[in-house]
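A short worksheet on the structure shown next.
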Amino acid sequence: MEEGQGFDRLSPNGNKAMSNYRIQGATGEWEVVIGLEVHAQVTSNAKLFSGAPTAFGAEPNTQVSLIDAAMPGMLPVPNRECIRQAVRTGMAINAVINKWSRFDRKNYFYADLPQGYQISQLYHPLVGEGVITVQLDEKDPDSEVKEIGVERIHVEQDAGKLMHDQHPTRSYVDLNRSGVALMEIVSRPDMRSPQEAGAYLTKLRSILRYVGSCDGNMDQGSMRADVNVSVRKPGGELGTRTETKNVNSVRFVMQAIEQEAQRQVDVLESGGRIVQETRLFDPDKGETRSMRSKEDAHDYRYFPDPDLLPLVLDDAFLDECRATLPELPDAKRGRYESELGLSAYNAAVLTADADTARWFEALLAESARVQKKGEAEVAKAASNWLISELFGALNRLGKDIEDSPVSPERGAELLGLIGDGTISGSIAKQVLEIMLETGDAPAKIVEEKGLKQTSDTGAIEAEIAKVLEANPDKVADYRGGKDKLFGFFVGQTMKAMQGKANPQVVNELLKKALG
Amino acid sequence: MSELTDLGVKALRDGIRSGEFSARETADAFIAQVAKAKSLNAFLVETPDHAIAAADAADAARAKGDTLAPLAGVPIGMKDLFCTKGVQAAAASHILEDFKPPYESTVSQRLWDAGAGMLGKLNMDQFAMGSSNETSAFGNVVSPWRREGGGNAPLTPGGSSGGSSAAIAARLCPAATGTDTGGSIRQPAAFTGITGIKPTYGRCSRWGVIAFASSLDQAGAMARDVTDCAILLEAMAGFDPKDATSLDAPVPKWEAGLNADLSGKRVGIPKEYRSDGMSPEIEALWQQGIDWAKDAGAEIVEVSLPHTKYALPAYYIIAPAEASSNLARYDGVRYGQRELPDGAGLQDMYAATRAAGFGDEVKRRIMIGTYVLSAGFYDAYYTQAQKVRTLIARDFENAWIECDLLLTPTAPSAAFGLGETTDPLSMYLNDVFTVPSSLAGLPAMSVPGGLDKQGLPLGLQIIGKAMDEQSVLNAGLALEQRAGFTARPEAWW
Chain S
1 MEEGQGFDRL SPNGNKAMSN YRIQGATGEW EVVIGLEVHA QVTSNAKLFS GAPTAFGAEP
61 NTQVSLIDAA MPGMLPVPNR ECIRQAVRTG MAINAVINKW SRFDRKNYFY ADLPQGYQIS
121 QLYHPLVGEG VITVQLDEKD PDSEVKEIGV ERIHVEQDAG KLMHDQHPTR SYVDLNRSGV
181 ALMEIVSRPD MRSPQEAGAY LTKLRSILRY VGSCDGNMDQ GSMRADVNVS VRKPGGELGT
241 RTETKNVNSV RFVMQAIEQE AQRQVDVLES GGRIVQETRL FDPDKGETRS MRSKEDAHDY
301 RYFPDPDLLP LVLDDAFLDE CRATLPELPD AKRGRYESEL GLSAYNAAVL TADADTARWF
361 EALLAESARV QKKGEAEVAK AASNWLISEL FGALNRLGKD IEDSPVSPER GAELLGLIGD
421 GTISGSIAKQ VLEIMLETGD APAKIVEEKG LKQTSDTGAI EAEIAKVLEA NPDKVADYRG
481 GKDKLFGFFV GQTMKAMQGK ANPQVVNELL KKALG
Chain V
1 MSELTDLGVK ALRDGIRSGE FSARETADAF IAQVAKAKSL NAFLVETPDH AIAAADAADA
61 ARAKGDTLAP LAGVPIGMKD LFCTKGVQAA AASHILEDFK PPYESTVSQR LWDAGAGMLG
121 KLNMDQFAMG SSNETSAFGN VVSPWRREGG GNAPLTPGGS SGGSSAAIAA RLCPAATGTD
181 TGGSIRQPAA FTGITGIKPT YGRCSRWGVI AFASSLDQAG AMARDVTDCA ILLEAMAGFD
241 PKDATSLDAP VPKWEAGLNA DLSGKRVGIP KEYRSDGMSP EIEALWQQGI DWAKDAGAEI
301 VEVSLPHTKY ALPAYYIIAP AEASSNLARY DGVRYGQREL PDGAGLQDMY AATRAAGFGD
361 EVKRRIMIGT YVLSAGFYDA YYTQAQKVRT LIARDFENAW IECDLLLTPT APSAAFGLGE
421 TTDPLSMYLN DVFTVPSSLA GLPAMSVPGG LDKQGLPLGL QIIGKAMDEQ SVLNAGLALE
481 QRAGFTARPE AWW
């Protein structure tokens with residue numbers, strides 16, 4: 001986005017909860033003011049104005065049409081799917097959808113920009129004011145909640161990529177990305193700490209993935225942020241801001257803010273002034289450095305693209321966009337709590353990511369079917385198992401939920417075995433390990449390994465007798481009032497039963513034996 | 001075979017269909033004329049093979065008894081602004097010298113699909129910027145016309161489609177494509193005694209036409225008479241999903257709809273076009289045209305287009321603004337000319353390439369366009385010019401309440417001598433009558449009205465409502481029948 005654009009006024013909703021984040025300077029406390037311009041690559045098989053494909057990681061210059069290479073006489077034609085995705089994204093943040101918008105040319109010369117201009121939307125963006133609600137700590141339901149204003153979303157073309165490492169004296173150009181559709185999502189300067197910016201970015205990515213309008217893969221460059229930072233005395237006049245370009249992870253965004261805010265405080269306190277400029281973040285050194293100052297800034301000579309007519313959306317199109325919106329994270333989280341009775345924590349964890357929620361809902365539906373119960377009845381156990389058992393295992397394996405070797409159906413079978421008392425929770429852990437390794441069905445594993453839980457009172461009583469006999473001192477202590485030792489006897493008995501004893505039966509029989 | 005080259009599109013088409021002569025004979029005759037006329041410099045590239053292949057295909061189809069395509073075996077000229085697969089498309093600029101597109105423009109493809117063949121690529125003002133053909137990087141076209149008793153002073157064939165107009169007037173081809181941004185079909189047609197139509201903006205796809213000013217550029221037909229223009233335009237026009245500004249409307253059967261009876265039509269005479277400095281000859285021609293229209297049954301009404309005087313300034317802001325951006329792609333990186341001085345960086349390469357590749361007029365317009373779009377001047381120039389454009393379009397809308405067509409002179413003078421007009425602003429004045437309808441995107445055509453005292457052709461312009469090419473063509477036909485224009489330049493080339 002052009003220097004000097006946006007960030008002039010705060011969102012009306014932006015200051016409901018003020019962050020306590022302050023930089024301690026020699027002259028007192030400083031408040032940080034942050035706005036983010038996020039570039040999100042639109043999920044689409046074709047580019048914004050050409051039919052060329054958009055696959056990531058393809059050989060250089062294999063995803064390039066005559067239009068992307070700006071051959072003479074070539075013309076752009078808007079790709080309806082890209083527009084649709086941007087509109088759906090706008091709807092997902094409750095934004096104003098502009099039924100009349102227009103494309104503008106942003107003119108500048110660079111070797112990665114074949115047309116000599118980028119087709120963007122300066123004057124009349126597709127999407128207007130919206131809002132994103134963020135929780136400072138997603139995992140902590142009691143942490144601060146804040147609304148961050150979104151000023152606009154517009155669609156524009158990506159540029160190509162220069163390759164400087166292919167030849168000793170020449171630079172090469174890869175135009176695969178040239179013309180790929182981006183959404184530029186411009187926030188209000190409503191954030192006041194690196195944590196808020198991180199939470200905003202995480203939430204935005206979550207929404208994009210729910211909507212399916214962007215894959216949110218920051219490491220592949222599908223999503224990147226320009227970070228606008230200024231500092232001021234708390235509540236004072238807005239300071240001069242700098243824009244740190246193309247930061248490509250949530251962590252780096254937070255670091256860049258921290259570093260840049262500190263740098264600005266240092267400059268101001270040593271009597272200097274902040275220059276409005278474009279900066280780069282160097283993740284290796286963990287610092288930002290100047291790229292170009294406002295004086296060197298391009299005059300982009302924006303004007304309406306005469307190759308394109310204004311984009312006019314009709315109600316049928318908007319209805320279709322709205323009808324295909326999925327349940328969004330905030331709504332889903334609320335429903336998990338109110339309808340499924342999940343804890344705020346579990347609801348937050350399961351809804352933070354679209355893939356996780358999708359997996360959980362498949363598990364839930366299948367569990368209800370297997371156990372012939374309502375979803376609300378099985379939800380708690382399913383969510384606990386997913387969060388504490390499967391997530392842990394996947395973490396160890398370094399896999400994401402969508403790559404889980406265990407399917408929701410298999411997970412539901414396992415939960416069914418726990419539910420009907422066939423195996424205990426601890427045996428279930430063992431079964432899960434084997435499932436992850438072999439991919440076998442849990443029932444088969446239980447059968448083959450003989451892991452079935454037993455309620456055979458005779459066998460259990462025999463083991464209990466042995467345990468009590470081997471630990472006469474502890475028996476005496478227990479009977480003398482050391483109630484806590486009960487757990488020890490349960491553990492010993494279960495161990496002797498190789499975990500297969502029904503824990504409830506063990507409890508009952510032990511209580512009887514210990515008197 | 002020279003008599004075949006005296007025939008127009010309709011006569012050639014019908015003759016080939018009836019077997020009166022073969023398409024091959026036709027092609028050979030025109031190819032020979034093109035080869036003999038090098039001194040006119042009308043063709044930048046000759047493509048006899050293309051014309052022959054189309055001719056042979058037509059003859060073979062006829063031999064088999066197949067129905068012939070609408071333009072089967074008719075050889076035409078193609079303005080160098082159209083991308084033609086494997087054949088240089090340079091826009092008469094050094095920066096695209098030897099550029100052979102790997103694709104065919106929609107308009108040229110439609111013509112080939114209709115059975116036409118290409119005699120070659122026609123010279124023009126560089127990037128279609130000019131009114132005299134003198135901005136071509138490959139030398140100007142010389143008009144086949146000469147002043148009576150005026151010695152042998154070479155004259156302009158008009159511009160920017162000057163190669164097209166000269167080639168048709170000299171019988172090197174029966175018809176040619178042109179493009180019109182502010183008058184580039186109509187003014188050269190008027191200067192060379194031929195007929196040219198610029199259809200409604202969006203009728204002909206711009207896909208594959210090298211862009212000058214996107215919101216104004218429109219391809220059109222140039223030929224010796226109205227019927228031939230109708231036939232050619234019918235083949236060129238049509239919706240193209242590859243051009244977002246293309247009109248999604250069926251193409252009427254213009255040739256079949258031709259009717260010279262103007263009864264019931266109201267022809268408007270815009271009073272603002274009658275400037276104080278208008279030459280008496282042009283004024284007389286205009287009056288003659290009015291009388292012909294009346295004779296054809298039209299009712300003549302005086303109308304007002306009050307913002308006419310602002311059209312030229314607005315045009316010379318909007319067109320250069322768009323051009324400055326459209327021509328940014330000629331940067332030496334991917335195709336065309338590249339100048340890479342020793343040790344040069346990217347910026348040096350841009351500067352050297354564009355300095356060497358573009359001609360003066362192109363540079364002038366890029367600079368004007370860059371200036372009017374720059375921060376601080378945008379509102380004063382570009383925004384203001386767009387408002388003027390809206391007002392001009394509204395002028396026409398208001399005029400259509402009182403009339404169905406407008407009749408004006410095409411250009412303020414007859415063809416001038418090459419080298420005679422050196423001041424760019426005087427040159428721009430050539431477009432004074434053609435620019436307003438371009439800004440409004442309306443169909444307009446020029447038909448020959450007669451000769452001036454020096455024996456040079458003068459043209460009459462008819463402007464119609466958007467999408468109403470039929471009425472424009474019909475009025476053109478009515479004037480054509482009454483003008484009886486048969487003058488032709490004597491071959492000296």
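Residue numbers (UniProt numbering), protein chains in the order written: chain S, 1 to 515; chain V, 1 to 493. By construction, the Cβ of each residue, glycine as well, lies at the ideal position given by its N, Cα and C atoms. Since the structure is predicted, the reported quantities are computational estimates derived from the model, not experimental observations.
For this session: Determine the direct distance from the alpha carbon of residue 324 of chain V to that of residue 239 of chain S, and round the result to whole angstroms.
Result: 37 Å
For this session: Please work out which residues of its chain come closer than 7 Å, Cβ to Cβ, to residue 137 of chain S, disregarding the five sequence neighbours upstream and downstream, and give them in chain order.
Result: 143
For this session: Report the neighbours of residue 322 of chain V on chain S: residues whose CB is nearer than 7 Å to its CB, in chain order.
Result: 306
For this session: Give the interface partners of residue 111 of chain S over in chain V, defined as CB-CB distance under 7 Å, in chain order.
Result: 333, 346
Exercise. Quick one: is residue 80 of chain S near chain V, going by C-beta distance under 8 Å?
Worked result: no
Exercise. In terms of residues, what are the limits of the alpha helix (DSSP H) holding residue 424 of chain V?
Worked result: 424-428
Exercise. Do residue 89 of chain S and residue 208 of chain S have their C-beta atoms closer together than 8 Å?
Worked result: yes
Problem set entry | Interface residues of the stretch 191-202 of chain V facing chain S [CB-CB below 8 Å] | none
Exercise. Mind pulling the chain S residues with CB within less than 9 Å of residue 241 of chain V?
Worked result: 77
For this session: Put residue 146 of chain V into one of helix, strand or coil per three-state DSSP.
Result: coil
Exercise. By the 10 Å Cβ neighbour count, where 16 or more other Cβ atoms means buried, how is residue 435 of chain S classified, buried or exposed?
Worked result: buried
For this session: Could you tell me whether the Cβ atoms of residue 83 of chain V and residue 73 of chain S are closer together than 8 Å?
Result: yes
Exercise. Where does residue 50 of chain V sit, in a helix, a strand or coil, going by DSSP?
Worked result: helix
Exercise. Is any beta-carbon of chain V found at less than 8 Å from that of residue 317 of chain S?
Worked result: no
For this session: Inspect the beta-carbon positions of residue 235 of chain V and residue 110 of chain V and report whether they are closer than 8 Å.
Result: yes
Problem set entry | Close Cβ partners of residue 266 of chain V (< 6 Å) along its chain, the five nearest in sequence each way excluded | 299, 301, 403, 404
For this session: Return the CA-CA distance between residue 449 of chain V and residue 347 of chain V, expressed in angstroms with no decimal places.
Result: 52 Å
Problem set entry | Short Cβ contact (8 Å threshold) for residue 508 of chain V with residue 237 of chain V | Look at the range of chain V in this structure, 1 to 493, and you will see that residue 508 of chain V is not part of it.
For this session: Could you name the residues of the same chain whose beta carbon sits closer than 7 Å to that of residue 464 of chain S, not counting the 5 residues immediately before and after it, in chain order?
Result: 493, 509, 510, 513
Exercise. Taking the alpha-carbon positions, what's the residue 218 of chain S to residue 84 of chain S distance?
Worked result: 22 Å
For this session: Mind checking the stretch 314-342 of chain S against chain V and listing, in chain order, the residues whose C-beta falls within less than 8 Å of any C-beta there?
Result: none
Exercise. For residue 494 of chain V, does the three-state DSSP call read helix, strand or coil?
Worked result: Examination of residue 494 of chain V is not possible in this model, given that chain V is present from 1 through 493 alone.
Problem set entry | chain V within 8 Å of residue 117 of chain S, Cβ atoms only | yes
Problem set entry | residue 91 of chain S: first and last residue of the uninterrupted alpha helix (DSSP H) it sits in | 80-92
Exercise. What residues in the stretch 164-191 of chain V bring their beta carbon closer than 8 Å to a beta carbon of chain S?
Worked result: none
For this session: Establish whether the CB of residue 204 of chain V and some CB of chain S are separated by less than 8 Å.
Result: no
For this session: Measuring only between beta-carbons, confirm whether residue 56 of chain S sits less than 8 Å from chain V.
Result: no
Problem set entry | Beta-carbon proximity check, residue 199 of chain S vs residue 253 of chain S, cutoff 8 Å | no
For this session: With DSSP collapsed to three states, give me the class of residue 273 of chain S.
Result: coil
For this session: Could you tell me which residues DSSP pairs with residue 172 of chain S in its beta bridges?
Result: S:163
Exercise. Expressed to the nearest angstrom, what Euclidean distance is found between the alpha-carbon atoms of residue 184 of chain V and residue 124 of chain V?
Worked result: 9 Å
For this session: Give the range of the alpha helix (DSSP H) segment to which residue 185 of chain S is assigned.
Result: Note, residue 185 of chain S: premise wrong, no alpha helix (DSSP H); beta strand (DSSP E) at 181-187.
Problem set entry | chain V contact for residue 208 of chain S (CB, 8 Å cutoff) | no
For this session: Output yes or no for whether 8 Å exceeds the beta carbon distance between residue 478 of chain V and residue 260 of chain V.
Result: yes
For this session: Please list the partners that residue 105 of chain S has in chain V, where partner means a Cβ-to-Cβ separation under 8 Å.
Result: 325
Exercise. Using a C-beta to C-beta distance shorter than 8 Å, which residues of chain V count as neighbours of residue 69 of chain S?
Worked result: 334
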